[in-house]
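Each residue of the sequence shown is one higher than the one before, counting from 1 in the working numbering. Structure, as structure tokens:
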Amino acid sequence: MLARGQVINRLEEQWDVIVVGGGITGAGVLREASRRGMRCLLLEQRDFAWGTSSRSGKMVHGGLRYLRQGQAKTTWHSVRERERLLREYAGLVEPLGFLVPLYAGKRWEPLLLKVGLSLYDLMALRRSHRRYNALDLSLLVPSLRRDGLLGGFWYRDARTDDARLVLWAIKEGVALGGAALNYARVEALLRDRRGRVCGVAVRDVVTGRTMEVEAQVVINAAGAWTDRVRSWTGAPPRLRRLRGSHLVFPRWRFPLFQAVGFSHPRDGRLVYAFPWEQVTLVGTTDVDHDQPLDREPRMSQSEGEYLLEGIGKAFPSLELTAEDVMSTFSGVRPVVGTGRRDPSREPRDHVVWAEDGMVTVAGGKLTTFSLLARDALN
Ligand SMILES: Cc1cc2nc3c(=O)[nH]c(=O)nc-3n(C[C@H](O)[C@H](O)[C@H](O)COP(=O)(O)OP(=O)(O)OC[C@H]3O[C@@H](n4cnc5c(N)ncnc54)[C@H](O)[C@@H]3O)c2cc1C
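Shown next, in the form of structure tokens:
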């Protein structure tokens, strides 16, 4: 990567594309634009991946839950992208086994899951799922609740280090001729004589100096901040900000070698516990986020209680309490708001909007970042 000073010296050049936001979406656009031979500059207000892209669930997944909700197109895209990432980023994106236990009392659950997993495999063009009986499943995960356990399904998805994935995509973009500058906050849009967006005013947060940078097109990939950037064109807000939080447990206190998904007893939402680095993560929640955006998002007490209640029921023998939690982290999903009461039912598809010559790309997932980039550039 070029040093900041070298990138700042290049700001006066005429760019084809300026990308606002250095999360996975912006990184994907930088990489794809540079690959297409465009002169592309990415600007990030803090450090790369500071936003949601370092606070995700770290899964590169097809989204089995979306299939359950009838969002088959989202699952199809995600499964295809997962397979591509497993090939292109082998080592950084690695396969992870997922287990879903089945309990007595849910008559249709085994059949529905079997159909869902068969479809999931079909989309990936490979058979990965299999069924375990109760004994085998409790040997695989001894801490699982045993009463009423019928067995469960195993299937294959993948996990990654989200922040490293962002850095890697940015490095690829830079190696292909693009440029990326962190601690560079876009504060306004420039207009040409016809009133169309033709660049940005950017503040170097380190020196406080403001500069004007011109481009053929500005792409707004500002994640949860998307509506703020859009508001500079007079566009009304369209995104619903949903916070998702995770609990972090030390591995010795919550040992797991595969991810385990279970329905939360309170509302039936799918919650995961999974191994990551040297810890076990449990998440996630899905609640409206009304905290100021420039403050670190934080888990509320009720989110913490919700997750602890879920793992208490799913892994009772571990007797995990708030005392065992090493840490928590929260991120904000930029989801296109459709006004549904239950945040978890809001569609997770991405959108591309063009307003006054500025292209906005928002929504989607870490997993589908290449697809978002291609759609925004097309
Ligand atoms: C709890 C949680 C769990 C998730 N789990 C998964 C998962 O397991 N798998 C998956 O595929 N997806 C997951 N997602 C979704 C995924 O994390 C997001 O879709 C993705 O990270 C969004 O990336 P982004 O680049 O659009 O936004 P961000 O990563 O937030 O990037 C936007 C960037 O824009 C910058 N910015 C804003 N305004 C300006 C400005 N004026 N000037 C310069 N820069 C600016 C911000 O600082 C920020 O870094 C999860 C999301 C959450 C919240």
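A virtual CB, placed ideally from N, CA and C, is assigned to each residue, including glycine. This structure is a prediction, so every number in the text was calculated from the model and none was measured.
Top-ranked residue by Cα proximity to residue i, from the options
i      : options                           : result
Glu214 : Asp136, Val186 and Thr284         : Val186
Val100 : Gly337, Phe274, Arg82 and Ser344  : Phe274
Asp294 : Arg341, Tyr155 and Thr52          : Thr52
Lys58  : Leu139, Leu281, Pro334 and Thr360 : Leu281
Leu139 : Phe257, Met358, His289 and Ser302 : Phe257
Arg333 : Asp349, Glu319 and Arg341         : Asp349
Val19  : Gln45, Gln6 and Ala3              : Gln45
Val335 : Asp286, Gly304 and Ala373         : Asp286
Trp407 : Gln216, Leu242 and Trp168         : In the structure displayed, the chain extends from 1 to 378; residue 407 sits before or after that span and is not available.
His246 : Asp204, Val229 and Met326         : Met326
Asp227 : Gly312, Gly91 and Gly337          : Gly337
Glu13  : Ala376, Gln216 and Glu309         : Gln216
Arg392 : Val174, Pro343 and Arg240         : Outside the shown range of the chain, which is 1 to 378, sits residue 392, and nothing can be said about it.
Proximity test, residue i beta-carbon vs ligand 1 heavy atom, cut-off 7 Å
i      : result
Arg240 : no
Val332 : yes
Met59  : yes
Thr367 : yes
Ile24  : yes
Ser143 : no
Gln71  : no
Glu44  : yes
Thr284 : yes
Val20  : yes
Ser344 : no
Ser302 : no
Arg185 : yes
Thr52  : yes
Ala224 : yes
Arg164 : no
Ala221 : yes
Ser34  : no
Ser317 : no
Val229 : yes
Arg80  : no
Ser128 : no
Residue i - partner residues in DSSP beta bridges
i      : result
Gly244 : Gly331
Asp288 : Leu242
Gly380 : No information on residue 380 is available, as it lies outside the stretch 1 to 378 that the chain covers here.
Ala94  : The amino acid at residue 94 is misidentified as Ala; the sequence shows Glu. Answer is Arg159.
Met123 : DSSP output for Met123 lists no bridge partner at all.
Ile219 : Val19 and Val359
Trp353 : Thr360
Thr381 : Residue 381 falls outside the range modelled here, since the chain spans only 1 to 378, and no answer is possible.
Met59  : Arg159
Per-residue DSSP class, three states only, for residue i
i      : result
His264 : coil
Leu113 : helix
Val325 : coil
Leu64  : helix
Glu212 : strand
Val206 : coil
Arg82  : helix
Phe153 : strand
Thr368 : coil
His129 : coil
Thr360 : strand
Pro343 : helix
Leu135 : helix
Arg185 : strand
Tyr89  : coil
Asn378 : coil
Pro142 : coil
Ala49  : coil
Leu167 : helix
Below-8 Å beta-carbon distance, residue i vs any chain B residue
i      : result
Arg230 : No chain B is present in this structure, which holds just one protein chain.
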